[in-house]
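According to this note's numbering, the residues represented by the sequence shown are -4 to 161, in order. Note that beta-carbon positions come from the ideal geometry of N, C-alpha and C, so glycine has one too.
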Amino acid sequence: MGDISQWILVGTVWLAIYLGAKWIDTAHKKHESDLNRVREEINDLREILTAVASDVERFACTPEEQGRRRFDRLPALLPESLASCNSGQELSLLLRTVIPERIIPVRYRHRELTYRSPDQKDAVAYGEAKLAEAAEFSEVRILFSRPNRTATLRGLAEEGNVKEGR
């Protein structure tokens, strides 16, 4: 008779463990779906906030400030962008000058890319470029700084940071 009571006890314990695990799994799935719903709502609110910020920026900022902010939002021009370019391939770049601060479209014709450090932190791209209003291309170089995520154009009448124009 003792064997039956032990089997009943073991069966009851296993049933309790099974039901407890089932309850935990159900609760976990409910919380997971709630969490996904909250994430979707946060993404929706983020989109609304971006639209409102854009509207406020449009009315509160001068055209120069708007251009500067658009330039800052562009992804950095990295050596990898030019490593895939063939010699003679042209790119549209945007140049931000310092004094006076302006953003100018530039046509860049790539020639070669060389790395200045063994760990490829810094690179130089050689080519030709011209400002939007210029007629002729001039020899230029683009200095890349990977730690700062910047690209600086040197060799034109106007010099400064460049990013790929979109």
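- For L73, the secondary structure class from DSSP, reduced to helix, strand or coil, is coil.
- The alpha-carbon of V8 is positioned some 11 Å away from that of Q1.
- For E59, the uninterrupted alpha helix (DSSP H) segment begins and ends at P58 to R68.
- Shown here, N143 sits in coil according to DSSP, grouped into three states, outside any helix or strand.
- At a Cβ-Cβ threshold of 7 Å, L72 and K158 count as neighbours.
- Here E131 carries a coil assignment [DSSP, helix/strand/coil].
- The three-state secondary structure of V157, taken from DSSP, is strand.
- The beta-bridge partner set that DSSP reports for D117 consists of S140.
- The three-state secondary structure of E35, taken from DSSP, is helix.
- By the C-beta criterion, the stretch 61 to 76 is judged not to be in contact with the stretch 123 to 131, since fewer than 3 inter-stretch pairs fall below 8 Å.
- Pairing L90 with G155, the inter-Cα distance amounts to about 6 Å.
- Annotation for P100: the continuous beta strand (DSSP E) segment containing it runs I98 to Y110.
- A Cβ-Cβ contact shorter than 7 Å links Y103 with L88.
- Counting the other Cβ atoms within 10 Å of the Cβ of G6 gives fewer than 16, which makes it exposed.
- Looking at R141, E85 and S112, the one whose alpha-carbon comes closest to that of E123 is E85.
- E52 and E59 have their C-alpha atoms some 12 Å from each other.
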